[in-house]
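Here the structure comes first, spelled out in C-alpha cells, and everything after it is commentary.
Number of protein chains: 4
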Amino acid sequence: MSTSTTLVAVDDPAADTKSNVDGPGTPRRGRPRSIEADQAILTATVDLASEVGITGMSMDDVAQRAGVSKATIYRRWCSKEALVLDALRSATLPFDDVDTGTLSGDLDLYVGELIRRFGTGPMNDVLPHLIEVSCHDETIRSSLDDYIRVRRVPLRTILTRAIERDELPSETDVDVTIDMVIGAFVYRRLLSHDTIDEHFAARLRAIVFPPPS
Amino acid sequence: MSTSTTLVAVDDPAADTKSNVDGPGTPRRGRPRSIEADQAILTATVDLASEVGITGMSMDDVAQRAGVSKATIYRRWCSKEALVLDALRSATLPFDDVDTGTLSGDLDLYVGELIRRFGTGPMNDVLPHLIEVSCHDETIRSSLDDYIRVRRVPLRTILTRAIERDELPSETDVDVTIDMVIGAFVYRRLLSHDTIDEHFAARLRAIVFPPPS
Amino acid sequence: MSTSTTLVAVDDPAADTKSNVDGPGTPRRGRPRSIEADQAILTATVDLASEVGITGMSMDDVAQRAGVSKATIYRRWCSKEALVLDALRSATLPFDDVDTGTLSGDLDLYVGELIRRFGTGPMNDVLPHLIEVSCHDETIRSSLDDYIRVRRVPLRTILTRAIERDELPSETDVDVTIDMVIGAFVYRRLLSHDTIDEHFAARLRAIVFPPPS
Amino acid sequence: MSTSTTLVAVDDPAADTKSNVDGPGTPRRGRPRSIEADQAILTATVDLASEVGITGMSMDDVAQRAGVSKATIYRRWCSKEALVLDALRSATLPFDDVDTGTLSGDLDLYVGELIRRFGTGPMNDVLPHLIEVSCHDETIRSSLDDYIRVRRVPLRTILTRAIERDELPSETDVDVTIDMVIGAFVYRRLLSHDTIDEHFAARLRAIVFPPPS
DNA sequence: AGTTAAGCGAGACGGTACGTCGTGTCTTGTG
DNA sequence: CACAAGACACGACGTACCGTCTCGCTTAACT
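Protein chains in written order, with my numbering: chain B, 8 to 220; chain P, 8 to 220; chain Y, 8 to 220; chain F, 8 to 220.
Given below as C-alpha cells:
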C-alpha cells in the first residue's frame, strides 16, 4: 500500500502518495515545487552519504552539492534522516521477479542479486544510522520498517511459488526462513565483515534447502 | 589474545594488551590513573547510553554523571565512540558455557540467553551507531570486529561439541550455521522488529536442526 | 576615514568602510544581520567587561546576556578581543569640542572631561588587556592604534586653536605636549594609581602651560 | 623596605624578605629548595613571556623550558601572575645613579637609559597583563605598585639634587613632573606606538625643562 | 647510621573557557 | 507561493590552560 511513499513530506497535502504526483484535484496555488530540485537533492544525498557517511554529511553539504537552499530541502523532508531514508529508497531498484520454473533457478537469480547488492550497494553503510535513529523516532521507525518489509517480498514470492510447485513441503516456515537468509547476509555485511560471495551463498543454501541427498 | 583489550587508549604504551597489566618492567611514572574514574566513566556511559541513546548522550553529560572532567575521559578514550565501545564491552557478561550433555539441552540454554540479551540488553540500541562509525573509522571497526567475533564463540563450542558427540554430522557447516542463527536474531532485533521469543527460537531450531522426524 | 570602522568583521565585504553603509550597489543577499543583535552584544560586552573584567567574562556569558548565540557573535567578530575593542569604541562618547574663546577655558573643559573619564570610565580596566593582545596580534594592534589616535584629536584642536589665537607660541610642540598630558593621566590611572582630580590637573597645567607670572 | 620582596611565596615563612635568604634562625628541615630551579624558572619565564606574551605562555611551557615540574613552580609562586611579576623584577636592573654634577648631564644619562629600556626591554609587553590582573587582584596590585614606585626613584633623586643645586626653583612640582616624563614614555610605548628616541627625549626635555632662553 | 621531613619530576585530575560545527528555523529579496 | 542566500538559537564537540593532587624517588638535616 504505502510502500513507495515519500517520507513525511512536511506539508505535503498528499503525504501518503508518491510526492509531486498529487492528482489534478489539488492544483496547489502559487509557484509549483521544482522537480529538478527533488532529484538533485536525492542524488546529492546518495552521493554524499556513500562518500562520507550520514554523520559526516551535513545538510549544508547536501544543499550546496544539489545547488539548492537548505529551506528547499526542509520544505520536502522534515529531518535529515527522513531525507536519507527517501534517498535510500530512491537508490534501491526493485527486484524483478523472474519465474525460472524451478526453486533452484529462482534462488540462483535471487541470491546473485543479493550478493550484488550487499557487496557494493553504496547506501549500505547508511542503514545502521537509520536503525539507530529509529530506536528513538517513531516516524522514522515505521518508514524504515516499511522499507525492510518490502525487501522480504521477493524471497517470499519465490518460496510460496516453490511450495505451490511442491518443491518445498507445504508446512515450510517461510517467515523464519526469510529471517535466516537475509539475516545471515545482514550479519556478514554489518557485523562480522566476512566475505559475501557465491561460495557463502552456496553454503547457506545447503543448510536451508538441503540437496535431495 | 587481544579479545579483552581496552580500546584505543590514547597514549597507552600497552594499548594492545590487557590494560593495566603491563609487567613490573614499566613502572609508569607520575600520578597513576584513577581506577575509580575508569569505572565511573564506563558506568555513566552505559547508563546514559541506555537512557537516551548515544546521540542523545553528550560527553559533558558523561563527565558530570561520572563526577569527572572531560579531559579525564579524553585522556583514556580518543572519541565518543571508542568510549561507547568499551562501555558496551564492559556491560557484556561472558556467556557461561554449560555442557548439558546434549545438543538439545545446550541449545536451550544458549538460545534462552540470546533471547534475554536481544530482548532487554540496555546497550542493544548502541550497536547500530558503532556499526556506522566503524564503516568510516578503521580503529573502531577492528575493535568492534573483535567484539563480534567473541560473541560467536559460545555457539561454535556447542556445535563442535555436538559433532564430537555424533549428534551432528561431521561435515556440518559450523560457520554459516552461526551466521544464520545469530543473523536471524540480529535481523529481527534491528531491522524487522518482529518478536524474539521462545516460539521464534523453536522455529529457528526446527529449520537448522530439524527434529529426527 | 577609517576611524569609525567596525573591527575585523569576519567576512564583511566592506570591512574597511563604515559598516552597513555599502552603497545600493551591493544589495547583500540572504537574511540581513540583525541590528538588535549587534547592539545587544555590544551592550552585554560593555556591561560584563565592566563588572568582571575581560578575563572574567566568557563568550558564553556575553551570548546569554545578549540573548544571542555564540555563533552570532563569532559571525561578527573573529575573537573575544576584537569584540571587546569594538565594545570599547561603542562605549566611548566623542568629545564635544566647545570653543570657549580662551585656552584656559578650553583646557578647563577638556581636563574636566578627562578626569571624569579616567576616573569612572567602566571600560577603563579593559585597555590593558587590549594592549597586551595588540603586542602579538597585528589586527587588534592597528585597530587599537586607530582608537588611540582619535582620542588625541580634541587636545590637538584646542592647542592649535590657541596657537592661532597667539595664546601659545607658534613653535609649540603640540605632539609631545599631548603625549605628556595624556601620558600623565594614563600613568596615574594604570601604573601609579595616584589620585586623578582637579588638583592633579592644576599641577599638570602649571607645568605645561605656566601661568604668565 | 619591602621593595625587593619576592612575591607571595606560598608557604614561605619569610614571605616578606628575599626568598631563600631566611636567616640561620629558621633552618628548615627536609631537603632544601633547589636554587638552580629558582633561576631556571625565572629565566624560562622571562624568555617565554618575551617570545609569546603572558597569555601565550602556559605554566606547562615554563615548567618544561625550565626543566622543572609544575609543582616546583607553584611551591614558590602562588599564581602565574605572581611568577611573572617576580620575573619582571628579576629582569629589571636597578638604575645606577651617577651624579654628573649638572641637571643636564644627569638627565642625559637618565633619559638615555629610559630610551634603552622602553625601546628593547623584553618584558615591556608584560606590563599590561599585570595591570589588568591588578585591577582584580589586590595582592598583585600592591606588589606591582611597589615595583612602579621604585622606578620613580631615580628621576626623583635627579630632580631633588637639581633643586639643591639651585638649577631648578625650589617650588618645582617633582611628583607631577615625574608623572609627565615617565607617562609620556609609557604612553608612546603602550598606546600610540610612536617612536621613542633621542629626538623625542629632546622635545620632551624642552617642554618640562625649558632652556634658559 | 638511620630516620624523617621536605623537595622533586612526572603526570593525572576537576573545572572552565575557548572557537568550531551541525541542525532545523526564520527572514530577506527575487522570480 | 517557491526559491537562494544566509542569519539565527541551541547545543555538542574536542582542545587547552590553571592550579591541585598523587605517585615514587632523592636529598639533606636531625637523631
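We put the beta carbon where it would ideally sit given N, CA and C, even for glycine.
This one's a predicted model, so the numbers in the text were calculated from it and none came from an experiment.
Review point. Are residue 191 (chain Y) and residue 175 (chain Y) close, meaning C-beta to C-beta below 8 angstroms?
Key: no
**Study point:** Residues of its chain near residue 177 (chain F), where Cβ-Cβ distance is below 6 angstroms and the 5 sequence neighbours each way are ignored
**Key:** 170
Check your understanding: To the nearest angstrom, how far is it from the Cα of residue 51 (chain Y) to the Cα of residue 75 (chain Y)?
Key -> 10 angstroms
Exercise. Going straight from the alpha carbon of residue 199 (chain Y) to that of residue 147 (chain F), what length do you get?
Worked result: 13 angstroms
Q: Just tell me which of P:145, P:107, P:103, P:47 has its CA closest to the CA of residue 160 (chain P).
A: P:103
- Query: Out of curiosity, what's the CA-to-CA distance linking residue 114 (chain P) and residue 64 (chain B)?
  - Reply: 44 angstroms
### Nearest-angstrom beta carbon gap, residue 154 (chain F) and residue 193 (chain Y) [assumed within contact, 8 angstroms]
Not quite, the Cβ-Cβ distance comes to about 17 angstroms (not below 8 angstroms), so this is no contact.
#### Entry: 9 angstroms Cβ cut-off: residues of chain F touching residue 215 (chain Y)
187, 214, 215
Starting from residue 193 (chain P), find everything on chain B with Cβ-Cβ shorter than 7 angstroms and list it in chain order.
190, 193, 194, 198
Next item on the list: Thinking residue 94 (chain P) and residue 49 (chain P) are a contact (beta carbons under 8 angstroms), I'd like their distance in whole angstroms, please.
Entry: 5 angstroms
| query | So, helix, strand or coil for residue 217 (chain Y), using DSSP? | reply | coil
- Proximity test, Cβ basis, 8 angstroms: residue 62 (chain Y) and chain F: yes
Using only the alpha-carbon positions, how far apart do residue 42 (chain P) and residue 82 (chain F) sit? 28 angstroms
Thinking just about the alpha-carbon of each residue, which of F:105, F:72, F:57, F:173 is nearest to the one in residue 47 (chain F)?
-> F:72
Q) Listing by chain order, which chain B residues have their CB less than 7 angstroms from the CB of residue 142 (chain P)? A) 60, 132
Could you name the residues of chain Y that residue 218 (chain F) contacts, counting a contact when the two beta carbons are closer than 8 angstroms? Chain Y residues near residue 218 (chain F): none, gap ~12 angstroms exceeds 8 angstroms.
At 4 residues or longer, and completely inside the region 32-106 of chain B: list those alpha helix (DSSP H) runs for me, N to C. 42-63, 66-73, 77-83, 87-98
request  = Just the chain B side, please: which residues come within less than 7 angstroms of residue 203 (chain P) by C-beta, in chain order?
outcome  = In chain order: nothing, as chain B lies at least about 10 angstroms away.
**Item:** Integer Cβ distance of residue 185 (chain B) from residue 163 (chain B), believed to fall under 8 angstroms
**Value:** 6 angstroms
Would the beta-carbon of residue 125 (chain F) fall within 8 angstroms of that of residue 38 (chain F)? no
* Do you know offhand how far residue 201 (chain Y)'s Cα is from residue 207 (chain Y)'s? -> 9 angstroms
Check: Hey, quick one: how far does the alpha helix (DSSP H) through residue 182 (chain F) stretch, first residue to last?
Finding: 181-193
>> For residue 55 (chain P), which residues in the same chain have their Cβ closer than 7 angstroms to its Cβ, ignoring the five residues on either side in sequence?
In response: 64, 68, 69, 72
Just the chain B side, please: which residues come within less than 8 angstroms of residue 184 (chain P) by C-beta, in chain order?
214
Quiz item: Rounded to a whole number of angstroms, what is the C-alpha to C-alpha distance between residue 117 (chain B) and residue 129 (chain B)?
Solution: 19 angstroms
Q: List the whole-angstrom C-beta distance separating residue 215 (chain P) from residue 80 (chain B), where the pair is believed to meet the contact cut-off of C-beta under 8 angstroms.
A: Actually they are not in contact, since the Cβ atoms of residue 215 (chain P) and residue 80 (chain B) sit about 46 angstroms apart, beyond 8 angstroms.
| Which term fits residue 135 (chain P), buried or exposed, when burial requires 16 or more other beta carbons within 10 angstroms of its beta carbon? | buried
Note to self: Tell me which residues of the region 166-185 of chain P have at least one Cβ-Cβ distance to chain B shorter than 7 angstroms, keeping chain order.
What the structure shows: 180, 183, 184
Rounded to a whole number of angstroms, what is the C-alpha to C-alpha distance between residue 62 (chain Y) and residue 138 (chain F)?
12 angstroms
Which bits of chain Y does residue 155 (chain F) rub up against, with CB to CB less than 7 angstroms?
198, 199
- Evaluate residue 111 (chain F) with the Cβ neighbour count: other Cβ atoms within 10 Å of its Cβ, from every protein chain shown; 16 or more gives buried, anything less gives exposed. exposed
To the nearest angstrom, report how far apart residue 120 (chain Y) and residue 140 (chain F) are at their CA atoms. 26 angstroms
Requested in this report: Taking only the alpha-carbon atoms, compute the straight-line gap between residue 18 (chain B) and residue 84 (chain B) and give it to the nearest angstrom.
Outcome: Because the pLDDT at residue 18 (chain B) is just 47, under 50, the model does not fix this residue reliably, and the point stays unresolved.
- Which same chain residues, not among the five before or five after residue 142 (chain F), have their C-beta less than 8 angstroms away from its C-beta? 148
message = At the level of alpha carbons, what is the spacing between residue 30 (chain P) and residue 99 (chain P)?
response = In this predicted model, residue 30 (chain P) has a pLDDT of only 44, less than 50, meaning its place in the structure is not dependable enough to derive any value.
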